[in-house]
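Student: In order, the protein sequences belong to chains Y and R.
Its first residue numbered 2, the first sequence is counted upward by one per residue in the numbering used here.
Its first residue numbered 594, the second sequence is counted upward by one per residue in the numbering used here.
We put the beta carbon where it would ideally sit given N, CA and C, even for glycine.
For clarity, every value in this text was computed on a predicted model and none was experimentally measured.
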Amino acid sequence: MNTSYIRAVKAESLKLKRSPVWLAFFALPLISAFFGTMNYRLNIGVLKSEWYSLWSQHTLFLCYLFMPALIGTYCSYLWRLEHTRHNWNSFLTAPLPVSILYLGKLTQAVRVTILGNLWIFLLFYICGKLSGIQSPFPQKALEWFLCGTLGAVVVCCVQLLLSLLIRSFAIPIGIALAGGILGLYMTNHDYGMHYPYSIYCLGMRANNPNMEISLSALIVNSVGYIIVFATLSVFYLRRHEIAAN
Amino acid sequence: MITLRSEFKKIKRKKIGLTMCALIGVQFAWLLWAGNHPDEKERLQGWIEMLHSLPLVSVIMMPTIMSVLASRLADVEHKGNTYKLLNTLRRPGSLYHAKVVCGTLFILAISLAQFLFVIALGYSRGYAGHPEWKYYTTAFMLNLACCLSLYLLQLLLSMLFFNQMIPLVAGLGGSMLGLILMYVKMYSFLPWGGFLSAAQVNMDWNPETRVIHFYYREYSPVELCAVAMIFVWIVVFYTAGRILFAGKEA
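1. Who pairs with R:Asp-797 in a beta bridge, going by DSSP?
2. For the alpha helix (DSSP H) containing R:Gly-696, name the first residue and the last one.
3. At the 8 Å Cβ level, is Y:Cys-202 part of the contact set with chain R, yes or no?
4. Going along the chain, which residues of its own chain have a beta-carbon closer than 7 Å to the beta-carbon of Y:Gly-149, five neighbours each way excluded?
5. Is the region 70 to 79 of chain Y touching the region 206 to 221 of chain Y in the sense that three or more CB pairs, one from each, lie closer than 8 Å?
6. Can you list, in chain order, the residues of its chain with a C-beta nearer than 7 Å to that of Y:Val-159? Leave out the 5 residues immediately preceding and following it.
7. For Y:Met-68, which of R:Val-777, R:Ser-768, R:Tyr-808 has the nearest alpha-carbon?
8. Let me see if you follow: with CB-CB separation under 8 Å, is R:Gln-747 close to chain Y or not?
9. How close, in whole Å, do the beta carbons of R:Met-655 and R:Phe-788 come, if the pair is a contact with beta carbons under 8 Å?
10. So which residues of chain Y does R:Leu-743 contact, with C-beta pairs closer than 9 Å?
11. Alpha carbons only, please: which of R:Ile-836, R:Met-796, R:Gly-639 is nearest the one belonging to R:Leu-749?
12. Distance cutoff 8 Å, beta carbons only. Does R:Gly-766 sit that close to anything in chain Y?
13. Are the region 38 to 46 of chain Y and the region 159 to 169 of chain Y touching by the rule of at least three beta carbon pairs closer than 8 Å?
14. What are the boundary residues of the alpha helix (DSSP H) that Y:Arg-240 is part of?
15. Would Y:Leu-216 and Y:Met-194 qualify as a contact pair, given that the criterion is a beta-carbon distance under 8 Å?
16. I need the boundaries of the alpha helix (DSSP H) containing Y:Lys-106, first residue and last residue.
17. Between which two residues does the alpha helix (DSSP H) holding Y:Cys-157 run?
18. With 16 as the cutoff for other CB atoms within 10 Å, does Y:Tyr-226 come out buried or exposed?
19. For R:Trp-853, would you say it is in contact with chain Y, using Cβ-to-Cβ distances shorter than 8 Å as the test?
20. DSSP on Y:Asn-88, reduced to helix/strand/coil?
21. Take Y:Ile-182 as the anchor and find which of R:Leu-743, R:Ile-609, R:Ala-627, R:Arg-598 has the nearest alpha-carbon.
22. So which of R:Gly-764, R:Arg-606, R:Gly-766, R:Leu-611 has the shortest CA-CA distance to R:Val-669?
23. Run through chain R and tell me which residues come within less than 7 Å of Y:Val-22, C-beta to C-beta.
24. Below 8 Å CB to CB, which residues in the same chain sit around Y:Phe-138 once its five sequence neighbours on both sides are set aside?
25. Does DSSP put R:Thr-612 in a helix, a strand or coil?
26. Nearest by alpha-carbon distance to R:Ile-641: which of R:Lys-727, R:Phe-755, R:Met-752, R:Ala-821 is it?
27. Where R:Tyr-720 and R:Arg-636 are concerned, what is the direct C-alpha to C-alpha distance, given to the nearest angstrom?
28. So is R:Ile-595 buried or exposed if we call it buried at 16+ other beta carbons inside 10 Å?
29. Less than 8 Å between the C-beta atoms of Y:Pro-30 and Y:Leu-116, yes or no?
30. Would a check of beta-carbon distances place Y:Gly-175 closer than 8 Å to chain R?
31. Interface residues of chain Y around R:Trp-623 at Cβ under 7 Å?
32. At which residues does the alpha helix (DSSP H) containing Y:Arg-8 begin and terminate?
33. Nearest chain R C-beta to Y:Thr-74 closer than 8 Å, yes or no?
Laid out in structure tokens, this is it:
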């Protein structure tokens with residue numbers, strides 16, 4: 002199991018070699034951080050909660066609207082490699098169980114998402130220091146990171162399933178953007194914890210860093226969604242005959 | 594005409610129309626949710642407020658919707674590797690024209706649907722009076738122009754790059770940039786800020802009374818230049834696309 006898994010991850014890494022797909026995870030948080038910090042500096046008289054105010058400015062739009070779509074883009078790219086030409090034939094005849102092959106793709110998606118999240122936090126720290134915030138860096142940031150990452154894994158699983166089912170590269174990304182926007186509605190009506198695209202934002206406390214959320218509900222819902230969507234993806238790969246293009 | 598007809602044949606059963614309907618449906622849901630159960634004061638300002646909300650929704654969603662549309666139309670050629678084949682049948686560039694016209698028809702349908710929905714929504718909520726047609730017609734034309742400029746940019750990128758991740762990320766980045774620019778100024782010379790420049794309504798928010806007052810915007814010379822820039826972008830992207838795409842075909 003372990004050797005097969007490592008082989009699957011290595012194979013996926015090879016497929017992504019020299020592909021600048023990670024650049025998007027670098028660029029979008031940078032734009033958000035730049036303008037978020039600028040807005041914070043311009044409204045420093047109103048935004049008085051220092052690190053917490055800066056955090057909202059950095060993450061509100063990024064987490065609600067763009068991160069799901071960005072994760073969707075990466076997941077679409079992962080499956081596009083198989084949807085193109087005759088690659089399904091080689092993928093499905095690889096001497097590894099389908100579940101392991103799927104885990105290889107999920108690992109890649111989760112890895113880049115974690116790196117993206119780390120980048121968001123690094124930018125937050127740098128921009129806070131450059132903005133002259135004197136108070137200590139919030140200890141709760143570690144909790145935001147861990148909860149946010151768990152929520153991001155849920156989005157990865159949903160998007161991997163969508164991109165597996167839909168051959169088009171662009172449609173799952175459109176769905177992710179729509180999902181993120183609907184997440185605003187869901188969170189506003191207290192259904193956020195039950196909606197896959199909102200869990201990430203709630204975990205990151207994008208809307209309100211002081212928000213108290215039920216950690217057990219977040220963990221249970223996230224793990225539940227991860228299991229459901231991953232199982233559906235593996236089930237689809239096993240049961241359906243996927244024609245090579 | 595033949596190339597245009599073949600363009601529509603190529604996208605048959607690709608469900609592009611359905612995809613666009615779904616994405617526009619999210620915009621409609623947003624607008625429905627945003628001004629639900631208006632009180633008497635909100636009804637009085639209803640029509641003008643709609644003209645304020647629409648560009649804000651568009652600035653967030655339209656760059657990505659346009660990138661999805663352009664990617665779907667261009668991906669047909671990438672997957673089929675049909676550039677050289679088509680070049681033996683039609684003159685270089687005609688395929689590009691067909692894609693531009695095909696996309697423009699979709700954009701026209703999307704914009705019409707948007708405005709018809711907004712008007713129907715206004716009447717169903719009982720907004721006072723009628724929409725000011727002069728402003729609504731101008732808003733429709735400018736919205737169409739903004740969408741077209743973004744579509745031409747995205748088509749250019751989608752045709753140039755086999756890896757569709759690049760144009761899609763450009764679309765997402767554009768959405769984000771447009772949204773953030775909204776907090777800086779209500780006009781922009783960037784292609785993604787066109788919706789802001791085209792917005793005909795501004796608002797005043799009184800922090801003490803917490804009352805919002807909407808009013809029709811009077812354009813300064815710089816803001817008028819920003820509006821004109823939308824049309825400059827259309828010409829630039831169209832020309833660049835035609836040159837680059839014709840070169841790619843050969």
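Tutor: Inspection of the coordinates gives the following:
1. The count along the second sequence starts at 1 and reaches residue 797 of chain R at position 204. R:Asp-797 pairs with R:His-806.
2. The residue you call residue 696 of chain R lines up with position 103 of the second sequence. Segment 687 to 717, the alpha helix (DSSP H) holding R:Gly-696.
3. Taking the first residue of the first sequence as position 1, residue 202 of chain Y is located at position 201. No, because no Cβ of chain R sits closer than 8 Å to the Cβ of Y:Cys-202.
4. Taking the first sequence and counting its residues from 1, one reaches residue 149 of chain Y at position 148. Beyond the five residues adjoining it in sequence on each side, Y:Gly-149 comes within less than 7 Å, by CB distance, of Asn-118, Tyr-201, Gly-204, Met-205 in the same chain, given in chain order.
5. With a cut-off of 8 Å, the region 70 to 79 of chain Y and the region 206 to 221 of chain Y do not count as touching, because too few Cβ pairs lie within range.
6. Counting from 1 along the first sequence, the entry for residue 159 of chain Y is found at position 158. Once the five neighbours on either side are set aside, the close Cβ partners of Y:Val-159 are Pro-197, Phe-230.
7. The residue labelled residue 68 of chain Y in the question sits at position 67 within the first sequence. Selected option, being the one with the closest Cα: R:Ser-768.
8. Against the second sequence, residue 747 of chain R aligns to sequence position 154. The beta-carbon of R:Gln-747 is placed no less than 8 Å from the nearest beta-carbon of chain Y.
9. For the purposes of this step, residue 655 of chain R is taken as the residue at position 62 of the second sequence. For the purposes of this step, residue 788 of chain R is taken as the residue at position 195 of the second sequence. Correct: roughly 7 Å between the Cβ atoms.
10. Counting from one through the second sequence, the residue named residue 743 of chain R turns up at place 150. Those within 9 Å of R:Leu-743 in chain Y number zero; the least Cβ separation is about 14 Å.
11. Reading the second sequence from its first residue, position 156 is the one you call residue 749 of chain R. Comparing Cα positions, the closest option is R:Ile-836.
12. By one-based count along the second sequence, residue 766 of chain R stands at place 173. Output row for R:Gly-766: interface = yes.
13. Short answer: they don't touch.
14. On the first sequence, position 239 is the one that residue 240 of chain Y refers to. Y:Arg-240 -> alpha helix (DSSP H) spans 216 to 240.
15. For this step, residue 216 of chain Y is matched to residue 215 along the first sequence. For this step, residue 194 of chain Y is matched to residue 193 along the first sequence. In this structure, Y:Leu-216 keeps its C-beta atom at 8 Å or more from the C-beta atom of Y:Met-194.
16. Numbered from 1 along the first sequence, position 105 holds the residue referred to as residue 106 of chain Y. 99 to 131 is the extent of the alpha helix (DSSP H) around Y:Lys-106.
17. Here residue 157 of chain Y refers to the residue found at position 156 when the first sequence is read from its first residue. 142 to 166 is the span of the alpha helix (DSSP H), which, as asked, contains Y:Cys-157.
18. Counted from its first residue, the first sequence places residue 226 of chain Y at position 225. Counting every other CB atom within 10 Å of its CB across the protein chains shown gives Y:Tyr-226 a total of 16 or more, marking it as buried.
19. Only positions 594 to 843 of chain R appear in the structure, and residue 853 of chain R is not among them; the question remains open.
20. Start at 1 with the first residue of the first sequence, and residue 88 of chain Y comes out as number 87. Note: Y:Asn-88 maps to helix in three-state DSSP.
21. Numbered from its first residue, the first sequence carries residue 182 of chain Y at position 181. Looking at the Cα atoms, R:Ala-627 is the closest of the given residues.
22. Numbered from 1 along the second sequence, position 76 holds the residue referred to as residue 669 of chain R. When each option's Cα is compared against that of R:Val-669, the closest is R:Arg-606.
23. The residue you call residue 22 of chain Y lines up with position 21 of the first sequence. For Y:Val-22, the residues of chain R that pass the 7 Å Cβ criterion are Met-758, in the order they occur in the chain.
24. For the purposes of this step, residue 138 of chain Y is taken as residue 137 along the first sequence, with counting starting at 1. Only Trp-52, Tyr-126, Gly-129 meet the Cβ criterion.
25. One-based indexing of the second sequence puts residue 612 of chain R at position 19. Three-state DSSP puts R:Thr-612 in a helix.
26. Numbered from 1 along the second sequence, position 48 holds the residue referred to as residue 641 of chain R. Closest in alpha carbon position to R:Ile-641, among R:Lys-727, R:Phe-755, R:Met-752, R:Ala-821, is R:Lys-727.
27. Counting from 1 along the second sequence, the entry for residue 720 of chain R is found at position 127. Counting from 1 along the second sequence, the entry for residue 636 of chain R is found at position 43. Cα-Cα distance, rounded: 4 Å.
28. Residue 595 of chain R sits at position 2 when you count from the first residue of the second sequence. R:Ile-595 is exposed by the Cβ-count criterion.
29. For the purposes of this step, residue 30 of chain Y is taken as the residue at position 29 of the first sequence. For the purposes of this step, residue 116 of chain Y is taken as the residue at position 115 of the first sequence. No; because the gap between Cβ atoms is not below 8 Å, this pair is not in contact.
30. Residue mapping note: residue 175 of chain Y aligns to position 174 of the first sequence, counting from 1. Residue-level contact by beta carbon holds for Y:Gly-175 and chain R, with a gap shorter than 8 Å.
31. Position 30 of the second sequence, counted from the start, is the residue given in the question as residue 623 of chain R. Chain Y residues near R:Trp-623: Ile-182.
32. What you label residue 8 of chain Y is simply residue 7 of the first sequence in a count that begins at 1. Segment 3 to 17, the alpha helix (DSSP H) holding Y:Arg-8.
33. Within the first sequence, numbered from 1, the residue matching residue 74 of chain Y stands at position 73. Chain R contact via Cβ: present.
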